[in-house]
Ligand SMILES: [K+]
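Protein chains in written order, with the numbering used here: chain G, -10 to 10; chain A, 110 to 255.
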């Protein structure tokens, strides 16, 4: 089977820290 | 001050230095136990460093806090090939492109190609223009023999 790319890994994001700095 | 720690944390994230980001997230948590942003940064930092066991440990340590970390937990289980457990966790989540992307990958690994194609179908409405999504869809079509 072709390799499936890990889209979920790329979709995981750090929270925005804009209002914490 | 907490603001300085978060600035440092932000810099490490921007630089892609995830292990350092985890260290600073820990410093924040020492000063402000249970801080949601810091908990999330710690878990995501471990995930982005491919430290699945550490990510799960951080999730367990935060179990009593009112923070929903189940998507991250599902992703960690996927990485550990605990696919049924991962699916179970996703079932309780509101539909989103992230949930559908992970779900499609789990179905693919389970060889459930019809379910996998259903997830891709549902992903269409999120208008994700990604080469990865196209590649994965083609892989599933090939595996399904369509
Ligand atoms: K995969």
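In this text, a Cβ means the ideal position worked out from N, Cα and C, and glycines have one as well.
Closer than 8 Å at the beta carbon, the chain B residues around residue i
| i | result |
| --- | --- |
| residue 176(A) | The structure shown contains no chain B; its protein chains are G and A. |
Any chain G beta carbon closer than 8 Å to residue i
| i | result |
| --- | --- |
| residue 133(A) | no |
| residue 110(A) | no |
| residue 242(A) | yes |
| residue 206(A) | yes |
| residue 97(A) | Lying before the first or after the last residue shown, residue 97(A) is absent from chain A, which here runs from 110 to 255. |
| residue 200(A) | no |
| residue 146(A) | yes |
| residue 150(A) | yes |
| residue 116(A) | yes |
Unbroken alpha helix (DSSP H) run spanning residue i, endpoints
| i | result |
| --- | --- |
| residue 129(A) | 127 to 140 |
| residue 214(A) | 206 to 219 |
| residue 235(A) | Neither: residue 235(A) is in no alpha helix (DSSP H) and is coded neither H nor E. |
| residue 163(A) | 161 to 170 |
| residue 259(A) | It is not possible to answer for residue 259(A), since the shown part of chain A is limited to 110 through 255. |
| residue 3(G) | Element bounds for residue 3(G): n/a, residue is neither H nor E. |
| residue 251(A) | 240 to 252 |
| residue 195(A) | 192 to 200 |
| residue 183(A) | 179 to 188 |
Outcome for residue i when other beta-carbon atoms lying within 10 angstroms are tallied against a minimum of 16
| i | result |
| --- | --- |
| residue 235(A) | exposed |
| residue 167(A) | buried |
| residue 154(A) | buried |
| residue 214(A) | buried |
| residue 144(A) | buried |
| residue 149(A) | buried |
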